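Line by line, the protein sequences give chains A and B. Counting along the first sequence from 1, when you hit position 179 you're at 346 in our numbering, and nothing is skipped either side. Counting along the second sequence from 1, when you hit position 186 you're at 576 in our numbering, and nothing is skipped either side. Heads up, the beta-carbon is just placed ideally off N, CA and C, and yes, glycines get one too. Fair warning: this is a prediction, and the values are worked out from it, not measured in the lab. What follows is a single structure, written as structure tokens, with notes after it.
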Amino acid sequence: MTLQTTGILPRLGHGVGKSADAVTAFLLVQPILVTMGGLVFYPLVDTAWDSLHRVNPMQPGTPFVGLANYTRMFSDREVGQAWLNTFRYVGICVLAETVFGVLAAALINQLRTGRRWVLAAIVLPWALPGVVSGVIWQWIFSPGPGLLNGLLVMLGFDYEGHLWFNDATSAMLGICTVHVWRMMPLTIVIVLAAMQTIPGELYEAARMDGASRLVMFRNITLPLIRGAIAVAMTNATVQAFNLFDEAIVLARNSVETRTILIQIYLEAFKKFNFSYGMALSLTVTFVSLAISLGYVLRIHRTTRLD
Amino acid sequence: MKEPRYVRVAVWAGVALLLLWSLVPIYWTLASSLTPTVEFNQRPIHLFPQQPTFQHYFRLLGVLDGRLGGVDVASGFRLALFNSIVTAGAATVLCVLMSLLAAYAFARLEFPGRGLLFSAVVATLAVPGYAVLIPLFRLMVSLHQIDAYLGVTLIYVSAFLPLSLWLLKGVMDSLPRSLEDAARIDGAGHMRILFSIIAPIAAPGLTSAAILTFIGAWGQYVVPLVFSPKNTKPLTVLIPEFAGKNFVDYGLIMAGGSIAIVVPCLLVVVLNRYLIAGLLAGSTK
């Protein structure tokens with residue numbers, strides 16, 4: 168073994184080791200390649216391919232139909248409504264999570280003690296199963312024995328037996344509440360981490376100059392956490408596009424509150440229009456990626472201009 | 391520098407509000423699970439159970455006879471609890487193990503296609519699960535893996551592998567190689583180096599990857615709804631079913647919900663440092 172330090176041998180050994188390393192490496196990545204290949208890459212290609220065919224277990228054969236599955240979306244009223252709902256959910260949830268999430272992070276950032284425990288408590292809703300959160304809030308929103316009506320009545324408002332899921336607007340706001348409850352922790356964690364990297368001297372200097380808290384927040388904090396906000400908004404957008412659990416628990420599959428994902432689920436697994444469902448899911452994937460990319464580019468551009 | 395008192399008070403008031411928003415629904419779940427059914431409709435509303443009872447848990451776990459519309463609740467619940475633990479647990483172990491092996495190869499070994507393979511796997515983080523749900527369903531039907539533990543576990547693994555791999559590769563890239571070099575000179579092989587030197591140092595990263603995978607798999611709904619309709623049905627699919635068409639047994643639902651949220655809650659409380667590290671690494675890719 169001491170020979171290896173002589174200079175020539177290591178290089179030789181390196182050459183032999185290299186091909187041996189490659190064999191070891193292939194063995195090590197094998198499980199991942201098989202799993203990802205079989206369960207992600209192959210199905211992804213299959214989705215793209217089958218979306219150009221008519222695939223329905225109730226009908227024989229899988230004839231090529233070109234873009235028919237894609238053009239069909241435009242005349243499908245239910246799909247149109249589901250898109251509209253999804254965009255509303257995305258708009259409301261991303262806005263609420265970003266605004267309240269940044270505020271919450273700023274508050275937690277002011278804490279000197281107990282920050283870790285406050286953060287742990289705030290992350291809890293994120294860690295719970297989505298359907299269980301849906302069920303919990305369904306109980307809170309329930310008209311007779313629900314906590315929300317109970318508290319409102321206690322405070323003197325006339326909400327005895329109020330039905331929160333009787334009209335589309337309040338039902339959607341209810342679903343958004345649950346989604347924001349679940350997903351805001353992610354925004355808080357991401358933004359807070361960025362705030363913690365801002366050097367304290369910046370604030371000290373600003374304070375010397377007599378800057379108020381609001382001015383410091385706007386002129387120091389916000390510009391420096393812009394990247395983190397973009398990341399958080401990207402996450403929030405993708406999550407809001409994925410909205411399924413809360414909506415299906417709170418409002419079943421009512422057309423008025425249905426998300427595009429619920430539409431896909433019903434289309435594929437209740438009506439067995441597999442290829443149409445595939446075309447829809449690919450479209451949703453592209454739209455959510457495009458929007459996320461939009462944020463990233465926008466933030467990237469504005470930060471560079473600064 | 392001293393801050394004015396009103397600022398401190400405002401900060402604490404804000405934080406208190408934030409804590410209430412986050413924790414009240416969880417508290418209410420636990421409180422309701424201990425409230426006898428007759429108390430639910432009392433007004434004004436009680437914020438604490440007046441006569442706490444374990445009757446919902448007894449019915450749920452089969453200590454008392456609990457039939458809901460002629461269906462045996464307890465045996466279904468026990469099976470679902472078992473299924474949740476088995477699938478989420480197995481997915482976590484497999485996912486972390488597979489990504490540990492691969493992360494070592496990607497971080498430490500030279501092989502053709504290394505960069506491309508790594509990017510391809512990590513890029514699937516951007517692919518939402520539903521994009522592959524339908525072809526997966528057809529694949530699993532042809533492999534007879536519908537309502538089978540293996541099928542649904544492997545789907546979870548494939549969903550959480552990219553994040554786990556990304557995390558662990560990052561951890562390994564940041565570890566100094568001097569220890570490994572010393573071990574290699576002493577004749578240690580790759581597996582020896584990986585499991586007795588790298589894995590112990592990378593334990594925080596492994597913990598982060600494991601918690602994220604476990605919490606993610608534990609909370610899955612759409613995947614088991616499609617792939618685990620009967621015998622492998624987990625808690626997430628079972629609990630909403632308690633809300634029947636004609637009546638909703640909220641006591642039972644809240645008791646079941648409490649059991650389903652206790653596991654992730656404990657993980658967050660005990661391991662929150664690793665969880666937050668993992669969340670950050672995962673979100674800023």
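- Non-local C-beta neighbours of Gly668 (chain B) in its own chain, meaning closer than 7 Å and more than five positions away in sequence, comprise Leu557, Ser598, Ala599, Ile601, Leu602, ordered along the chain.
- Boundaries cannot be given for Glu423 (chain A), as no alpha helix (DSSP H) includes it and DSSP labels it neither H nor E.
- Within the segment 199–232 of chain A, complete alpha helix (DSSP H) segments of at least 4 residues are found at 209–217, given in chain order.
- Only those residues of the segment 286–316 of chain A whose C-beta falls short of 7 Å from the nearest C-beta of chain B are listed: Leu286, Ala287, Ala288, Ile289, Val290, Leu291, Pro292, Ala294, Leu295, Pro296, Gly297, Val298, Val299, Val302, Ile303, Trp304, Trp306, Ile307, Gly311, Pro312, Leu314.
- The closest CA to that of Ala481 (chain B), considering only B:Ser509, B:Leu670, B:Gln610, is found on B:Gln610.
- Between Asn662 (chain B) and chain A, the shortest Cβ-Cβ separation is below 8 Å.
- Here Cys343 (chain A) has Tyr256, Ile259, Cys260, Ala263 as same chain residues with Cβ atoms under 8 Å from its own Cβ, once five neighbours each way along the sequence are excluded.
- DSSP places Asp462 (chain B) within a strand segment (E or B) once states are collapsed to three.
- In terms of beta-carbon proximity, Pro390 (chain A) stays away from the interface with chain B, with every pair separated by 8 Å or more.
- Shown here, Val356 (chain A) sits in a helix according to DSSP, grouped into three states.
- Our two residues, Pro198 (chain A) and Cys485 (chain B), have alpha carbons roughly 10 Å apart in a direct line.
- When the beta-carbon positions are compared, Ile666 (chain B) and Leu291 (chain A) stay at least 8 Å from each other.
- Using a Cβ-Cβ cut-off of 9 Å, Phe324 (chain A) is close to nothing in chain B; its nearest Cβ partner there is about 13 Å away.
- Proximity of the segment 635–655 of chain B to the segment 413–431 of chain B meets the contact definition, three or more beta-carbon pairs being nearer than 8 Å.
- For the segment 553–578 of chain B, the beta-carbon criterion of a distance under 9 Å to any beta-carbon of chain A is satisfied by Leu555, Ile575, Asp576, Gly577.
- Contacts between Val320 (chain A) and chain B, judged by CB atoms closer than 9 Å, involve Arg433, Pro434, Ile435 in chain order.
- Setting aside the 5 residues that flank it on each side, Ala272 (chain A) is surrounded in the same chain by Ile355, Val358, Leu359, Met362, each with a C-beta closer than 7 Å to its C-beta; the list follows chain order.
- Beta-carbon to beta-carbon, Tyr443 (chain A) and Asn236 (chain A) are separated by about 5 Å, close enough to satisfy the 8 Å threshold.
- Contacts with chain A at 8 Å (Cβ-Cβ) do not include Leu540 (chain B).
- For the alpha helix (DSSP H) assignment, the uninterrupted runs of no fewer than 4 residues enclosed by the segment 421–505 of chain B are, from N- to C-terminal side, 445–451, 463–498.
- Between the beta-carbon of Ala294 (chain A) and that of Val658 (chain B) there is about 5 Å, and that keeps the pair under the 8 Å contact cut.
- Taken in chain order, the members of the segment 429–451 of chain A whose beta-carbon sits within less than 8 Å of a beta-carbon on chain B are Ile431, Tyr432, Ala435, Phe436, Phe441, Gly444, Met445, Ser448, Leu449, Val451.
- At a cut-off of 8 Å, the C-beta of Gln277 (chain A) has a neighbouring C-beta in chain B.
- Within the segment 244–286 of chain A, the complete alpha helix (DSSP H) segments at least 4 residues long are 244–277, listed from N- to C-terminus.
- In this structure, DSSP gives Val320 (chain A) a helical state, which the three-state scheme calls helix.
- Under DSSP, the beta-bridge partners assigned to Val638 (chain B) are B:Ala633.
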